[in-house]
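Asker:
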Amino acid sequence: MDQLTVVTSEQEQAEIRLEFARLKQDHADFDAAINAMIATGCDPLRIQRMKKKKLALKDRLQELEDNIIPDIIA
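Take the sequence shown: its letters are residues 17 to 90, numbered as in our numbering.
1) Please identify the residue among 59, 57 and 63 whose C-alpha is closest to the C-alpha of residue 46.
2) Which class does residue 59 belong to by DSSP, given the choice of helix, strand or coil?
3) In this structure, does DSSP put residue 50 in helix, strand or coil?
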């Protein structure tokens, strides 16, 4: 592995970590919004749509986390 590959890999890891942090905040924001919608008696269909978006974010977070933490083959 040459030095350019290592730098690119480190840069890619930094970008993945940045996206992960941003999406984690978005996920928390969705959670707060959903709780507020439930508390105010919002339309259940709108709440369900928000929950689906939150779940999609969670799936993306898992994908990014898998890229950050390499698999360890035992």
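Beta carbons are placed, not taken as given, at the ideal position from N, Cα and C, and that holds for glycine.
Answerer: Well, looking at it:
1) Comparing Cα positions, the closest option is 63.
2) Here residue 59 sits in coil by DSSP.
3) Per DSSP, reduced to three states, the secondary structure at residue 50 is helical.
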